[in-house]
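Before any comments, here is the structure.
Protein chains: 2
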Amino acid sequence: MIKRLTILGVGLIGGSWARALKEAGAVGEVVGWGRDAARLSQAQSLGVIDRAEQDLAQAVTGAELVVLATPISVMAGLFERLAALPLDDLVVTDVGSVKAEVVRMARAGLGARFSRFVPGHPVAGDEKTGAAAARADLFQGHRVVLTPAAETDAAALALVRRLWETAGAEVVEMDAAHHDRLLAATSHLPHVLAFALVDCLAGGEGGEEILRYAAGGFRDLTRIASSDPVMWRDICLANREALLAALGEFESHLQRVKDMIEAGQGEALGELFGRAKAARDRFCTKR
Amino acid sequence: MIKRLTILGVGLIGGSWARALKEAGAVGEVVGWGRDAARLSQAQSLGVIDRAEQDLAQAVTGAELVVLATPISVMAGLFERLAALPLDDLVVTDVGSVKAEVVRMARAGLGARFSRFVPGHPVAGDEKTGAAAARADLFQGHRVVLTPAAETDAAALALVRRLWETAGAEVVEMDAAHHDRLLAATSHLPHVLAFALVDCLAGGEGGEEILRYAAGGFRDLTRIASSDPVMWRDICLANREALLAALGEFESHLQRVKDMIEAGQGEALGELFGRAKAARDRFCTKR
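Taken in order, these protein sequences are the chains called A and B. The opening position of the first sequence corresponds to residue 24 in the numbering used here, with each subsequent residue numbered one higher. The opening position of the second sequence corresponds to residue 24 in the numbering used here, with each subsequent residue numbered one higher.
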């Protein structure tokens, strides 16, 4: 049980963690900080946070844990401002989808306090965003990846792990660079493909007719193109290197498929489709 | 009301149409023909067909309508075999996802009987396949595209239209080439991307770990990679030209996104993602 948790950027992820911890009786007061007063007061009236603060010092004073749940581009400035406050034993964590770049920003911004920072990424989400979509069971059965650095304080790490486990998540630790390569493939690449596909189809000639004829498959395939554009812009830029590598691999794979279609190689094409179906079906039954 | 309907290739689409027509009292007997005796007898015991036949002549004798619901690569041979049977007023239709190539095969195979062929494509489906997945409401609220040729008999066209409307579908007529360009964009391209993505991720180094960490977004994005590989191989080859054009457009679009990420052009990237989200959200509320 911690007395006070402060969320910087009260959206789906921070809000859902807060709801889960409240429901479990694992936190006393939840304070929300953000730049948009209307959103903060909505989060408060929904019961996602107990108190709204627009002043960072007031928001974090007395908190045992501060969670950065903002877009990644905002985090560097927040680490610097947190380092300037008299916070003693405060533990800081984040929920960013990219870890190496966030660790780099935290090391630069937090200075001596870097050892109390626990880099984290809950591998869960929804294309719905905002505190209104927050729900206590969002992390049930999902993985949370923590990527502690060599300097990371063991007690701080244990606190963050325990609070994620309280929310029903399975906590896994790995190297930040490994996390970024893994997520570039499983999440960042698919998002880029979905955004690019929708923009390609809707923006071209006859875009309206195309969207009208799109069937259920297209609907599912592009669901993630309804995700928050700012968040995803930041993720793509923060994980640029691993994402470009994944994109390059996908492009050469797609080129091979294109060559098979062009050359009318039915057997090779059917084999590739069959292999993909088998992998997809196997992955689905595993979950 | 027609007395007898014969389905060549009893799977999800043909089976669902049969169920819908039966439920509406619009058909007397449904006969199923196929090469796999076990599958046919399963369709019969599920009540999807009334009678199973492995002999084509016996299957179609006395039928008012024959539906080709096989993979496209099998259709050319079936048109030729149907042309050789003494069938008088029989109307023939198909449910293939590509129309120009099927029309070409029908014209070549059916000869003088080509005027009684009505090319059709129900724009509905599911990654589940087979007669066991057939359901009477599959086409409710979905579009069925008919692409009659200049020679197509008006009464044959009217019959097929009425039977699709009886199944709850909205029937639209358009040019076969236009249909193929439209479907290349909305359906064939997305399927190729999903198959290529799953095969790329699962087949590379660390594929098992990647599938383990894939979150809900990946699951949705790749649902259509669980579709029937043979059917999709045939579709890709039959609609080669339009599909390659759509693939080419997508590739150059993806290249632009890649360039933005590489150059760190956050503003342009955010705009593109925002545009895609707006189009996706608009498309979703429309349905």
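Even glycine gets a Cβ: it sits at the ideal position worked out from N, Cα and C.
Beta-bridge partners assigned by DSSP to Pro145 (chain B): B:Val167. Per DSSP, reduced to three states, the secondary structure at Asp243 (chain B) is helical. DSSP, read as helix, strand or coil, puts Ala261 (chain A) in helix. Within chain A, no residue has its beta carbon less than 8 Å from that of Ala268 (chain B); the closest one is some 11 Å off. Contact between Val83 (chain B) and Val33 (chain B) is absent: CB atoms are separated by about 14 Å, not below the 8 Å threshold.
Legend: CB atoms of the stretch 236-248 of chain B lying less than 8 Å from CB atoms of chain A belong to residues Tyr236, Ala237, Ala238, Gly239, Gly240, Phe241, Arg242, Asp243, Leu244, Thr245, Arg246, Ile247, Ala248. In summary, Pro252 (chain B) is buried, with 16 or more beta-carbon neighbours lying within 10 Å of its beta-carbon over all protein chains present.
The DSSP assignment places complete alpha helix (DSSP H) segments of no fewer than 4 residues inside the stretch 59-134 of chain A at 60-68, 79-83, 95-106, 123-133, in order along the chain. Neighbours of Ser210 (chain B) in chain A, taken as residues at a C-beta separation under 9 Å, are given in chain order as Tyr236, Ala237, Ala238, Gly240, Phe241.
Rounded to whole angstroms, the Cβ separation of Leu113 (chain A) and Pro213 (chain B) is 47 Å, and the two are not in contact under 8 Å. Listed along chain B is no residue with a C-beta nearer than 9 Å to that of Ile30 (chain A); the closest approach is about 22 Å. Interface annotation, Arg58 (chain A): not in contact with chain B, CB-CB separation never under 8 Å. The stretch 221-228 of chain B and the stretch 283-290 of chain A do not touch, with fewer than three beta-carbon pairs separated by less than 8 Å.
At least one CB atom of chain A sits nearer than 8 Å to the CB of Leu292 (chain B).
Rounded to the nearest whole angstrom, the C-alpha separation of Gly229 (chain B) and Arg235 (chain B) is 10 Å. According to the DSSP assignment, Leu161 (chain B) belongs to no alpha helix (DSSP H), since it is labelled neither H nor E.
Contact with chain B is absent for Leu161 (chain A), since none of that chain's Cβ atoms lies less than 8 Å from the residue's Cβ.
In terms of Cα proximity to Leu267 (chain A), the closest of A:Pro142, A:Leu206, A:Ala86 is A:Leu206. With contacts defined as CB atoms closer than 8 Å, Ala200 (chain B) and Ala269 (chain B) fail to qualify as a contacting pair. With contact defined as three or more Cβ pairs closer than 8 Å, the stretch 292-301 of chain B and the stretch 139-155 of chain B are not in contact.
For Glu285 (chain A), the chain B residues whose Cβ falls inside 9 Å of its Cβ are Arg263, Leu267, in order along the chain. For Asp222 (chain A), at least one C-beta of chain B is nearer than 8 Å to its own C-beta.
Of the candidates A:Val50, A:Ile247, A:Gly227, A:Met254, the residue whose Cα lies closest to the Cα of Phe273 (chain B) is A:Gly227. Taking a beta-carbon distance threshold of 8 Å, Arg303 (chain B) counts as an interface residue toward chain A. Counting along the chain, Thr189 (chain A) sits inside no beta strand (DSSP E); it lies in the alpha helix (DSSP H) bounded by residues 177-189. In this structure, A:Val121 is the residue among A:Pro109, A:Val121, A:Gln77, A:Ala178 with its C-alpha nearest to the C-alpha of His211 (chain A). Here Arg42 (chain A) is actually not in contact with Ala192 (chain A); their C-beta atoms are around 13 Å apart, not less than 8 Å. Burial state of Glu124 (chain B) is buried, judged by a 10 Å Cβ sphere holding 16 or more other Cβ atoms. In the structure shown, Thr152 (chain A) falls within a coil segment according to DSSP collapsed to helix, strand and coil. Look at the beta carbons and you see the stretch 183-192 of chain B not touching the stretch 174-193 of chain A: under three pairs across the two are nearer than 8 Å.
Boundaries for Val33 (chain A): no beta strand (DSSP E) harbours it, and the DSSP string shows neither H nor E there. Inter-residue distance for Glu87 (chain A) and Leu28 (chain A) is about 6 Å (C-alpha atoms, whole angstroms). Nearest CB-CB separation between Ala43 (chain B) and chain A: not below the 8 Å threshold. By the Cβ neighbour-count rule, Asp111 (chain A) is exposed, with fewer than 16 other Cβ atoms within 10 Å of its own.
For a Cβ distance threshold of 8 Å, residue set Phe296 of chain A lies close to Trp255 (chain B), ordered along the chain.
For His165 (chain A), the closest of A:Ala178, A:Met128, A:Val195 by C-alpha to C-alpha distance is A:Val195.
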